[in-house]
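Chains as they are written, first to last, in the numbering used here: chain A, 10 to 224; chain B, 10 to 224. Take a look at the structure set out below.
2 protein chains.
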Amino acid sequence: MPRLVDHNERRRQICDVLLDIVSEAGIAAATIREVADRSGWSTGVIGHYFNNRQDLLLGGLRRAAEILAEHNTRVLKTLEGIAALEQILEGSIPLDKRRLALCRIFFFFYAEGMTEEELRQELESYLLGWRKSVTRAIRDAQAQGDLPAELDPKRIAADLVGLADGLSIHSLLDPRVMAQLREHSPVRFWIRRLAAGLPAGEAVEPAQAKNYAVV
Amino acid sequence: MPRLVDHNERRRQICDVLLDIVSEAGIAAATIREVADRSGWSTGVIGHYFNNRQDLLLGGLRRAAEILAEHNTRVLKTLEGIAALEQILEGSIPLDKRRLALCRIFFFFYAEGMTEEELRQELESYLLGWRKSVTRAIRDAQAQGDLPAELDPKRIAADLVGLADGLSIHSLLDPRVMAQLREHSPVRFWIRRLAAGLPAGEAVEPAQAKNYAVV
DNA sequence: TCCTTTGCAAGACAACTGTAACAAAAAGAA
DNA sequence: TTCTTTTTGTTACAGTTGTCTTGCAAAGGA
């Protein structure tokens with residue numbers, strides 16, 4: 010066999026270029042020719058590693074989801090309870106360049122997922138995974154006595170995840186919301202509201218995530 | 010002068026057709042030809058009442074925003090305090106066909122607004138108006154003693170609005186979230202959490218909105 | 001009646017898209 | 001070297017899109 014190329018690696022490289030474009034200019038701007046130009050390869054190469062443009066988009070979304078999922082599992086390994094809860098929820102809030110790019114990517118795909126069933130399914134499983142991580146952190150916190158035991162972890166998880174995503178997208182559209190988001194952390198605010206009546210846990214300074222994939 | 014046509018009325022009709030298409034198939038599918046075919050007019054007519062496709066999209070967004078804004082002001086006239094608060098927040102949660110259509114429209118425009126500055130500005134002012142309505146309802150509730158006076162109305166408004174929108178978009182992508190949303194009302198849950206410590210206000214059954222514009 | 005202005009339809013045009021077919025190149029195997 | 005297979009580049013093609021121009025119909029004013 011001649012010329013050896015790691016297909017998965019090459020696909021990953023192409024997906025990264027795709028995600029760059031999506032993050033900057035949206036999915037509509039992510040044409041095959043644009044991906045080809047930016048990557049330095051020709052359009053034929055894109056066709057060689059992906060069946061379709063649709064296939065390429067799906068690959069990009071999978072890659073983005075993978076990055077956030079890895080972040081979450083890593084957080085759950087290093088932290089626990091309320092600290093982990095806050096870290097996971099703030100992992101997708103656009104407070105720095107990296108998270109801003111990720112946010113934009115996901116919100117573009119959210120819209121696309123409302124018309125493309127394949128993308129929707131991928132987003133569904135991504136959201137499910139996110140909620141599961143949050144649910145686990147909530148259970149931890151309950152076990153430690155940092156959150157009331159009578160709360161339904163799954164419900165609270167869905168709500169907190171919705172809050173984080175909703176404020177994120179609003180902040181991308183309205184600089185006022187962005188400013189507010191930078192000043193106070195709504196995630197911590199509402200978690201403390203949940204913990205009301207219990208001895209307030211000490212505020213944990215979020216360990217800055219550094220070595221996670223940069224998109 | 011010959012042939013009299015109410016330009017604003019005609020523009021509104023065309024925008025409604027546009028919103029239909031956007032709601033069903035997204036903004037990318039809302040081509041000028043498609044709008045022309047659906048409306049029964051020719052593409053020339055679209056060009057006669059709108060300068061651009063961009064202009065047409067902006068018109069559609071303005072129309073959608075107008076519908077929700079009217080809803081909010083109407084609620085504020087008929088209800089007050091926590092009842093108004095809940096009504097306004099649930100006005101854009103996809104619990105029936107009408108609100109589902111509105112939700113889809115807005116989330117498509119959210120994505121579009123991240124790349125088109127004109128649309129973004131319109132969305133920004135729409136979000137601001139929404140928060141203002143919620144803020145007013147919160148102040149009412151505080152005045153009535155239904156919510157703690159030490160809460161910052163603006164902050165809480167931004168958070169609640171973010172929660173509503175975030176859960177809405179998640180429910181459009183994940184049927185599990187949708188089911189959860191139908192079972193319990195997260196909006197009421199968190200508002201009651203806010204009111205914790207105060208005498209719980211009686212649950213108000215939301216008056217079904219009927220005579221609001223159907224998109 | 002004729003004329004002018006507006007509403008509307010139809011088509012032309014250039015630009016851009018996804019896709020596929022074909023050719024060239026590259027590199028290990030014989 | 002020569003052959004074979006994979007990778008890559010180039011090109012063509014059909015379909016869509018936004019935009020603009022042109023022409024016709026309609027209706028009120030003179």
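For each residue, glycine too, the CB sits at the ideal point set by N, CA and C.
When Cβ-Cβ separations below 7 angstroms define contact, Q189 of chain B makes contact with chain A. Taking the Cα positions, P157 of chain B is about 28 angstroms away from V143 of chain A.
Taking I55 of chain A as the centre and dropping the five residues before and after it, the same chain places the C-beta of I23, I41, V44, A45, L65 closer than 7 angstroms to its C-beta, in chain order. Here G90 of chain A is buried. Its C-beta has 16 or more other C-beta atoms within 10 Å. Going by C-alpha positions, R108 of chain A is about 16 angstroms away from V186 of chain A.
DSSP places Q153 of chain A outside both helix and strand once states are collapsed to three, so it counts as coil.
At a cut-off of 7 angstroms between C-beta atoms, V186 of chain A counts as an interface residue with respect to chain B. Going by C-alpha positions, L70 of chain A is about 10 angstroms away from F117 of chain A.
In this structure, the CA atom of R113 of chain A is about 18 angstroms from the CA atom of R113 of chain B. Runs of the alpha helix (DSSP H) lying entirely within the stretch 27-96 of chain A, each at least 4 residues long, are 41-48, 52-58, 62-87 in chain order. Contact annotation: the stretch 147-166 of chain A does not touch the stretch 70-81 of chain A, with fewer than three C-beta pairs closer than 8 angstroms.
Within chain B, no residue has its beta carbon less than 9 angstroms from that of T87 of chain A; the closest one is some 26 angstroms off. Within the stretch 109-124 of chain A, those residues whose Cβ lies closer than 7 angstroms to any Cβ of chain B are, in chain order, R113, F116, F117, Y119, A120, G122, M123, T124.
Rounded to the nearest whole angstrom, the CA to CA distance from L77 of chain B to G100 of chain B is 8 angstroms. The stretch 174-184 of chain B and the stretch 133-141 of chain A touch, with no fewer than 3 CB-CB distances between them shorter than 8 angstroms. Pairing S194 of chain A with A173 of chain A, the inter-Cα distance amounts to about 10 angstroms.
Contact with chain A is absent for A78 of chain B, since none of that chain's Cβ atoms lies less than 7 angstroms from the residue's Cβ. For the options A:T124, A:H179, A:A205, the alpha carbon positioned closest to that of A38 of chain B is the one of A:T124. Between L190 of chain B and L98 of chain B, the alpha-carbon positions lie close to 13 angstroms from each other. Neighbourhood of L182 of chain B in chain A, by CB distance below 8 angstroms: Y119, G122, M123, R129, L132, E133, L136, in chain order. Distance from the CA of S51 of chain A to the CA of L67 of chain A, rounded to the nearest whole angstrom, comes to 20 angstroms. In this structure L85 of chain A is in contact with A146 of chain A, their Cβ atoms being roughly 7 angstroms apart against a cut-off of 8 angstroms.
For a cut-off of 8 angstroms, the C-beta gap from H179 of chain A to G53 of chain B is around 39 angstroms, too long to register as a contact. Of all alpha-carbon atoms in A:V196, A:R164, A:A167, A:N17, the one lying nearest the alpha-carbon of L176 of chain A is that of A:V196. Under the DSSP assignment, D168 of chain A falls in the alpha helix (DSSP H) whose first and last residues are 162-182. In the structure shown, the three-state DSSP call for I102 of chain B is coil. Close CB contacts of N81 of chain A within its chain, under the 6 angstroms cut and outside five residues either way in sequence, are with I97, S142 (chain order). In the same chain as R148 of chain A, and ignoring 5 residues on each side of it, the C-beta atoms closer than 8 angstroms to its own belong to P162, in chain order.
For H16 of chain B, the secondary structure class from DSSP, reduced to helix, strand or coil, is helix. Taking a C-beta distance under 7 angstroms as the contact criterion, A110 of chain B and A120 of chain A do not qualify as a contact pair. Taking all protein chains shown into account, R202 of chain A has fewer than 16 neighbouring C-beta atoms within 10 Å of its C-beta and is therefore exposed.
S194 of chain B carries a coil assignment under DSSP once its states are collapsed to helix, strand and coil. Under the Cβ distance rule, R145 of chain B does not count among the residues neighbouring chain A, no pair being separated by less than 7 angstroms. Taking C-alpha positions only, A167 of chain B is separated from E95 of chain B by approximately 14 angstroms.
Residues of the same chain with a CB within less than 8 angstroms of the CB of R20 of chain B, apart from the 5 flanking positions on each side, are Y58, F59, G68 in chain order.
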